[in-house]
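Residue numbers (mature numbering (1 follows the signal peptide of the UniProt record, and there is no 0)): -17 to -1, 1 to 662.
Idealized CB from N, CA, C, for every residue including glycine.
Before any comments, here is the structure.
Rendered as structure tokens:
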């Protein structure tokens, strides 16, 4: 995702260079209003929210544009593009008193314009003029609606709406979530410009207005609850509509002050505080003064100043929405990172979306509780100070300008995101191909089948507990195994058990006493040892030092592992195998006879293993140099044979059916009496 944002930043710089090459202008370059047509000047005034009724000449309109602020190429382009886009703005139709109260009177951070239609009366503003009005005021964040008294005549009668009228709701106080007052239009002219002038006049009445330098000096040096203040120094009768609308939107966070310098004789104090020209938009913070309009993307419009102030003085809801967008953009990247079947990609995507959003909401809950603690005011102030320092830099202005550009061109944003995802998918496939990673379940049906197998095994199979060797438990029987066998008999499906425990099973080589020359030949064949005489003296720990590569090769290619048979067989003097820890001699499952009657070297065997000389899996005798493996129950087999047995899904001993991953009390061989002769 970070790479994608860097690509967007680079693309924006390329587009700026292309626009400069084509037109010869940058977006931050100032425009001379004299060179603009009357239509473009009128478009600029409508975007800033200044009325031009009664100004028939182009000169008057141009002067009004100059009085409201400098005009940049980027603002002109945005205003013309917004005018060409003939998008219909929706208007709310209220169904009754509760609906009206919920949206208008209880929403205390915005302006509403509602047309009330009385019973059996025609609306005050016709349909055509009302659509123009809705489109005009919606550019400044003013929401509109229609309340028909026929849906709730009692509420209209209680409110005194006996005739069709226009109602405007504006927050009454300067605190966040304050009371809302309703104002009724009493003008005689039912025209769009006159109604809009009435709206802007009531919105501007909420601003603090300064008319002389003494009042400015007093206000400039005053310290109150507002840490951030924005001043507009202009020679206008009333501030632009976008400035008044922003004052409502940032109620309780930023104080908006309009300084009318129309009739000022002495402007020396303005020079003292650093204001040398009008109009000027000055942002005053505890860190200093910032002149709005000098950096990239800082246009004289509602959208540009709104993004600027949000970055300086954000709400918790702004940060939550930003984190929500970033988390979902990251989650959608998983659609391209995941390789395999198409259904698999979307299943993983849905899982990732649910996981990421759940974790986001869960992580935000303690943050909200943390911010509400009364002892964290200093932490909150330092955080806002960091925001103000970082977002008044040139890099932050570029980021804001790019955000406004891509948000106004959603098709470009989505296409670049899709292209970035396809590039990620291509390089991910190439990386896996270079790593020789075989793609499994490339077919949708195969992947769904494997997903169903996993789901059913997760629901119905027992949960096995995996233990590592050696075992130090004093339990004679594992109670977990008994409970699992009661609840899940063999008629059920066998559990899906990982085979990692096989690497921990004890392994050693079978040797006979008195064999030297053949052992040396075997060791030379395997290139693993240089001295065969010392092998007869090694204990169990030294015999277990087999390289991990040999174990893995034997596990994955059991037929290509260590040779099962050596050069010479040896027979045991004891023609039986000491089976389970019973007090009797069981039937031998490992006895055999050969021409050479040699005694096995039992000292090389682990103490908990049963003595035997035959593998019951392949029914062949152990021969000198063969690699053996023991199970927790004590039975011993060829390493190749038992690995193939366990890897095939039969996780139990072939002799006693004890689970191969379960611990068991180690068997201790009985010590013979001193007068007992070996059998």
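Per DSSP, reduced to three states, the secondary structure at residue 646 is coil, with no helix or strand assignment.
Beyond the five residues adjoining it in sequence on each side, residue 134 comes within less than 8 Å, by CB distance, of 77, 78 and 79 in the same chain, given in chain order. Rounded to the nearest angstrom, the gap between the Cα atoms of residue 587 and residue 646 is 22 Å.
Going by beta carbons, residue 53 and residue 13 fall inside the 8 Å limit. Looking at the backbone, the Cα of residue 284 and that of residue 173 are separated by about 27 Å.
Exclusion of the five residues before and after residue 258 leaves 216 and 265 as the residues of its chain whose Cβ lies within less than 7 Å of its Cβ. Classified as buried, residue 279 has 16 or more neighbouring CB atoms from the shown chains inside 10 Å of its CB. With the rule of 3 Cβ pairs closer than 8 Å, the segment 243 to 261 does not count as touching the segment 302 to 319. Closest in alpha carbon position to residue 18, among 46, 612 and 397, is 46. Annotation for residue 399: no beta strand (DSSP E) segment contains it, though the alpha helix (DSSP H) segment containing it runs 393 to 417.
In the structure shown, the three-state DSSP call for residue 13 is strand. Between residue 343 and residue 290, the CB-CB gap reaches or exceeds 8 Å. Boundaries of the alpha helix (DSSP H) harbouring residue 628: 622 to 630, taken from the DSSP string. Closest in C-alpha terms to residue 351, from the list 87, 378 and 300, comes 300. Distance between residue 149 and residue 100, taken at the CA atoms: about 9 Å. Boundaries of the alpha helix (DSSP H) harbouring residue 325: 325 to 354, taken from the DSSP string.
With a cutoff of 8 Å on beta-carbon distance, residue 225 and residue 123 are scored as near each other. Here residue 205 is exposed: its Cβ has fewer than 16 other Cβ atoms, across all protein chains shown, within 10 Å.
Contact check for residue 62 against residue 26 passes: the beta carbons are separated by less than 8 Å. Residue 227 is positioned such that its CB atom lies closer than 8 Å to that of residue 186. When DSSP states are grouped into helix, strand and coil, residue 357 belongs to the helix group.
Each residue's CA atom was taken as its position, placing residue 95 and residue 128 some 8 Å apart.
Just measuring C-alpha positions, the residue of 144, 155, 189 and 154 sitting nearest residue 167 is 144. Here residue 353 is actually not in contact with residue 57; their C-beta atoms are around 40 Å apart, not less than 8 Å. Annotation: the continuous alpha helix (DSSP H) that includes residue 229 extends over 224 to 232. Residue 395 and residue -4 have their C-alpha atoms spaced approximately 14 Å apart. Boundaries of the alpha helix (DSSP H) harbouring residue 176: 175 to 187, taken from the DSSP string. Around the C-beta of residue 271, fewer than 16 other C-beta atoms lie within 10 Å, and the residue is accordingly described as exposed. Taking C-beta atoms under 8 Å as the contact rule, residue 218 and residue 245 qualify, at a distance of about 5 Å.
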